[in-house]
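Asks: So that we are looking at the same thing, I have put the structure below in structure tokens.
Residue numbers (the numbering used here), protein chains in the order written: chain A, 250 to 507; chain B, 2 to 294.
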């Protein structure tokens, strides 16, 4: 019980930190700007107005959320370590694991608030352009949230042993590879080189396939996404999150705070 | 009972890739008595902060262990009995002074209801003369104010043991007085205090016991008076002269003391006492603990 109380206190503090951070308001401004651009771009293209509006708006929402997860994920823990705030936190009745989980849940909560806000803005845009809002729209937003959670756990993992700049670099690498896994696999399988074939078979297993959470095209073409698929990939995302957090906690437990 | 018992702590660090490991702590062993204010002294780089961090498991020692309140290893319940203020504290500067103490109070499992915790915060802020700054964000606090509120986060949950790393650094005379008053008050309540400081005059006023480090080794552990006497060669001889009241003679070393005693015996005067003359802490510390340069 006390464990969850500690995690809640740290998560609430993390939430408070983000909403008082200047970058958060900058991000809100950027989100509004990008979504406006999406809304303007649509009418400019004569025949595919709705497709471009949907695609661009959801893409903008994804980028904003992922930027927030990478930035705040990397900042929250490294700043505590650099400024030695952590020495007054883990010398309380909280374990290092609870500290990591508190940070993660605080950010995860911020992400959910951000997804709801972006959902409202997107609904407004869709309503204006008379684009029907179907369940696949919400599933697509859920997919963006899952991707942000996976990237958040990756940035927390890197926070346990490297600097702020490198955390952002590594997490962006995971983001790019995560979206290109299927393409890379197809390309590498065509080669005769055994090492590259090995990479195509097993190397890609090290990276979460982020394209699995991308249900944006289904919104564009108004396709159905089966609920079982959403459930399966939610479980897939949670498994990666747990794996990354467990590794982060293991590293953190052995860390010296000099 | 000792509230802290450190046995055989060893720690070395590698400074840079490929370089040899530098031993920072060498078989550190000492204990801190319950209900006392114990000073932890040593020159810069002698290993005070590293020892404190090893004790609090912020750094994992290569060897050795630390036990608290008798023979207990650190575990989650024990943490709520300990308060800690690190050197050069930096806190969440987006919080106001009041929010900050509330956050740490809840995190320390302070045995108060929300309203009681708030009234304790009010009382502590008042004591440190920070009441008017309670709603200011910590980023607007001066270094001295941060040091004061840092001490408050360490005592917010009324710990049984208070560990302070340089609690008076960066404070002016008034600030140091406030901090000393708080330390005295918590000690009077029965809290054991273990503090490191460079301000030897303040340590002399506050502490009854001392642990002194030199180049990663404990060179003294014991009573403050014993420490100050240990390095003094001066002897004070009090004797009775029939015509006058108690007379005093000073000898600068043992040899001279012996000569004076022989002289007094020849004159058939009664010697009342022979005592080593205490010097001040700074003088003794300089002799014993500072590196030869």
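Don't be surprised by glycine CBs; every beta carbon is placed ideally from N, CA and C. Computed from a predicted model, the values in this text were never measured in an experiment.
Measure the beta-carbon distance from residue 290/A to residue 305/A and round it to whole angstroms, keeping in mind my assumption that it falls under 8 Å.
Replies: Correct: roughly 6 Å between the Cβ atoms.
Asks: Output the distance between the C-alpha atoms of residue 356/A and residue 337/A, rounded to the nearest integer angstrom.
Replies: Approximately 21 Å, taken between the alpha carbons.
Asks: Could you tell me whether any Cβ in chain A is nearer than 7 Å to the Cβ of residue 293/B?
Replies: Confidence is the limiting factor: at residue 293/B the pLDDT is only 47, short of 50, which leaves the residue's position unreliable, though a coordinate-based value still follows. Cβ-Cβ to chain A under 7 Å: no for residue 293/B.
Asks: By alpha-carbon positions, which one of 255/A, 396/A and 434/A ends up nearest to residue 452/A?
Replies: It is 434/A.
Asks: Would you say residue 87/B reaches chain A, if we count a Cβ-Cβ gap shorter than 7 Å as a contact?
Replies: Yes, residue 87/B lies at the interface with chain A (some Cβ there is under 7 Å from its Cβ).
Asks: Apply the 10 Å Cβ neighbour rule to residue 229/B and answer buried if 16 or more other Cβ atoms are within range, or exposed otherwise.
Replies: Under this definition residue 229/B is a buried residue.
Asks: Apart from the five residues on each side of it in sequence, which residues of its chain come closer than 7 Å, Cβ to Cβ, to residue 316/A?
Replies: If we look at residue 316/A and ignore the five residues flanking it on each side, its Cβ neighbours are 276.
Asks: Closest Cβ-Cβ distance between residue 239/B and chain A: below 7 Å?
Replies: Taking Cβ atoms only, chain A never reaches closer than 7 Å to residue 239/B, which makes this a no.
Asks: For residue 255/A, return the contacting residues in chain B, with the cut-off set at a CB-CB distance below 8 Å.
Replies: Those within 8 Å of residue 255/A in chain B are 108.
Asks: Would you grab the beta carbon distance between residue 169/B and residue 203/B for me? Rounded to a whole angstrom, and I think it's under 8 Å.
Replies: Yes, they are in contact, since the Cβ atoms of residue 169/B and residue 203/B sit about 6 Å apart, within 8 Å.
Asks: Do you know how far the Cα of residue 491/A is from the Cα of residue 4/B?
Replies: Distance between the alpha carbons of residue 4/B and residue 491/A is about 39 Å.
Asks: Measuring CA to CA, which of 298/A, 441/A, 283/A and 404/A is closest to residue 424/A?
Replies: Nearest option by C-alpha distance: 404/A.
Asks: I'd like the list of long-range same chain contacts for residue 47/B, defined as Cβ closer than 7 Å, with 5 residues on each side in sequence excluded.
Replies: Closer than 7 Å at the Cβ level, and outside the excluded window around residue 47/B, lie 214, 215, 216 and 217.
Asks: Given that residue 92/B touches chain C, what residues does it touch there, using C-beta distances under 8 Å?
Replies: Given the protein chain composition of this structure (A and B), no chain C is represented.
Asks: Would residue 242/A and residue 345/A qualify as a contact pair, given that the criterion is a beta-carbon distance under 7 Å?
Replies: Nothing can be reported for residue 242/A, as the shown portion of chain A is limited to 250 through 507.
Asks: Please find out if some non-hydrogen atom of the ligand ZN comes closer than 6 Å to the beta-carbon of residue 463/A.
Replies: Ligands are entirely absent from the displayed structure, and the ligand ZN is therefore not among its contents.
Asks: Which same chain residues end up closer than 6 Å to residue 234/B when comparing Cβ atoms and leaving out the 5 residues on each side of it in sequence?
Replies: The answer, listed in chain order, is 254.
Asks: Once DSSP output is grouped into helix, strand and coil, what is the label at residue 259/B?
Replies: Here residue 259/B sits in helix by DSSP.
Asks: With 16 other CB atoms within 10 Å as the buried threshold, where does residue 31/B fall?
Replies: Residue 31/B comes out buried.
Asks: Unbroken beta strand (DSSP E) runs of length 3 or more, entirely within the stretch 54–106 of chain B: which are they?
Replies: Those beta strand (DSSP E) runs which fall completely within the stretch 54–106 of chain B and span 3+ residues are 64–69 and 83–86.
Asks: Does DSSP put residue 280/B in a helix, in a strand, or in coil?
Replies: In the structure shown, residue 280/B sits in coil (DSSP, three-state: anything other than H, G, I, E or B).
Asks: Against chain B, with Cβ distances strictly below 7 Å, would residue 260/A count as a contact?
Replies: Output row for residue 260/A: interface = no.
Asks: Using a threshold of 7 Å, state whether the C-beta atoms of residue 417/A and residue 319/A are closer than that.
Replies: Yes, Cβ-Cβ distance for residue 417/A and residue 319/A is below 7 Å.
Asks: Name the chain B residues that come within less than 7 Å of residue 343/A, Cβ to Cβ?
Replies: What residue 343/A touches in chain B: 108.
Asks: In the DSSP assignment, the beta strand (DSSP E) including residue 250/B goes from what residue to what residue?
Replies: Here the beta strand (DSSP E) through residue 250/B covers 247–252.
Asks: Between which two residues does the alpha helix (DSSP H) holding residue 235/B run?
Replies: From DSSP, residue 235/B is part of no alpha helix (DSSP H); its letter is neither H nor E.
Asks: Looking at chain B, which residues of the stretch 267–296 of chain A have a Cβ within less than 8 Å of any of its Cβ atoms?
Replies: Per Cβ criterion, the list reads 269 and 270.
Asks: What runs of the alpha helix (DSSP H), each 4 residues or longer, lie entirely inside the stretch 312–356 of chain A?
Replies: Segments of the alpha helix (DSSP H) lying fully in the stretch 312–356 of chain A: 335–338.
Asks: For residue 164/B, list the residues DSSP reports as bridge partners.
Replies: Per DSSP, 85/B and 195/B.
Asks: Report yes or no: do the stretch 351–369 of chain A and the stretch 257–266 of chain A share at least 3 C-beta pairs separated by less than 8 Å?
Replies: Result yes; three or more Cβ-Cβ pairs closer than 8 Å.
Asks: Does the contact criterion of 3 or more C-beta pairs under 8 Å hold for the stretch 264–283 of chain A versus the stretch 151–159 of chain B?
Replies: No contact exists between the stretch 264–283 of chain A and the stretch 151–159 of chain B.
Asks: Tell me whether the stretch 478–495 of chain A and the stretch 321–337 of chain A touch, counting them as touching only if at least three CB pairs, one residue from each stretch, are closer than 8 Å.
Replies: Verdict: no, contact absent.
Asks: Which residues, taken in chain order from the stretch 147–176 of chain B, show a beta carbon closer than 7 Å to some beta carbon of chain A?
Replies: Correct list: 154.
Asks: DSSP three-state call for residue 120/B: helix, strand or coil?
Replies: The answer is helix: DSSP assigns residue 120/B an H, G or I state.
Asks: Label residue 293/B either buried or exposed according to how many other C-beta atoms from any shown protein chain fall within 10 Å of its C-beta, with 16 as the threshold for buried.
Replies: Per-residue confidence for residue 293/B stands at a pLDDT of 47, beneath the threshold of 50, marking its modelled position as unreliable; no derived number is given.
Asks: Count the other C-beta atoms from every protein chain shown that fall within 10 angstroms of the C-beta of residue 391/A, then say buried if there are 16 or more, exposed otherwise.
Replies: Label assigned to residue 391/A: buried.
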